[in-house]
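Scroll down for the structure; my scribbles are underneath it.
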Ligand SMILES: Nc1ncnc2c1ncn2[C@@H]1O[C@H](COP(=O)(O)OP(=O)(O)O)[C@@H](O)[C@H]1O
Ligand SMILES: [Mg+2]
């Protein structure tokens with residue numbers, strides 16, 4: 006694309022640009038080459054994460070789970086809907102919204118997906134409703150271990166009273182919450198899981 010648009014965000018892994026298409030603003034998330042990686046490995050990581058991100062976004066769209074709409078996908082870039090709202094991490098949330106965030110994660114899990122980085126930095130509150138973004142580390146697989154890690158990441162990102170509200174929504178909406186909640190407890194007991202550096 007000739008017109009790169011304006012840079013919205015530059016993360017460790019990808020850049021997000023705002024571009025004009027179909028007469029509106031949409032987003033392009035591009036995974037650009039990393040010089041410190043061997044080219045073949047770098048290409049395959051960037052391809053894999055782009056592919057999983059578009060796949061998961063499309064699946065969530067089809068399942069009616071609140072996520073940006075996918076418009077198109079290339080080898081290293083995806084084109085998708087720009088949401089109007091604020092990140093959960095920059096918002097102060099009441100009980101009702103926290104519950105809705107828990108319901109959102111349950112819907113993701115009900116669609117057979119683990120998110121992989123489910124934190125307040127990857128939830129956008131738009132017009133009173135939470136939407137999930139950022140699927141480069143997601144998996145399309147019913148794994149209670151991975152789903153338990155989704156709960157753990159959120160637990161470590163918010164206060165215990167906030168997490169309690171979040172879990173009310175999760176337990177109410179998840180089709181099979183018990184094995185995932187058991188897994189969360191087991192992972193915590195193991196004390197083995199080291200949280201990734203977020204950023
Ligand atoms: N659909 C969207 N609508 C509005 N802003 C978005 C959207 N997707 C991403 N962003 C913004 O871009 C940032 C980075 O996007 P994200 O997919 O989380 O990539 P990263 O891998 O860099 O964390 C987000 O924190 C958010 O501010
Ligand atoms: Mg992110």
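Numbering (my numbering), first residue to last: 6 to 204.
All C-beta atoms, glycine included, are put in the ideal place defined by N, C-alpha and C.
This structure is a prediction, so every number in the text was calculated from the model and none was measured.
{"Query": "Ligand 2 heavy atom lying under 7 Å from the CB of residue 139", "Result": "yes"}
{"Query": "Proximity to residue 38 [Cα-Cα], best of 18, 31, 157", "Result": "18"}
{"Query": "Residue closest to residue 28, alpha-carbon to alpha-carbon, out of 128, 151, 166, 86", "Result": "86"}
{"Query": "Classification of residue 158 by the beta-carbon crowding that lies within 10 angstroms, buried from 16 upward", "Result": "buried"}
{"Query": "Residue 181: CB within 7 Å of a non-hydrogen atom of ligand 2", "Result": "no"}
{"Query": "Range covered by the alpha helix (DSSP H) that runs through residue 109", "Result": "100 to 115"}
{"Query": "4 or more residues per run - each alpha helix (DSSP H) lying fully within the stretch 113 to 201", "Result": "149 to 162, 165 to 178, 182 to 195"}
{"Query": "Element boundaries [alpha helix (DSSP H), containing residue 9]", "Result": "Element bounds for residue 9: n/a, residue is neither H nor E."}
{"Query": "Beta-carbon proximity check, residue 90 vs residue 129, cutoff 8 Å", "Result": "yes"}
{"Query": "Anticipated Cβ contact below 8 Å, residue 35 with residue 96, distance rounded", "Result": "Actually they are not in contact, since the Cβ atoms of residue 35 and residue 96 sit about 27 Å apart, beyond 8 Å."}
{"Query": "Where residue 75 falls: helix, strand or coil (DSSP)", "Result": "strand"}
{"Query": "Host beta strand (DSSP E) of residue 24 (start-end)", "Result": "20 to 26"}
{"Query": "Test item: CB-CB of residue 179 and residue 116 under 8 Å", "Result": "no"}
{"Query": "Check whether residue 118 and residue 73 have beta carbons under 8 Å apart", "Result": "no"}
{"Query": "Heavy atom of ligand 1 within 7 Å of residue 127 beta-carbon", "Result": "yes"}
{"Query": "Reference residue 146; option with closest CA among 170, 160, 127, 121", "Result": "121"}
{"Query": "Supposed close pair residue 88, residue 41 - CB separation, criterion 8 Å", "Result": "With a Cβ gap of about 32 Å, residue 88 and residue 41 do not count as contacting."}
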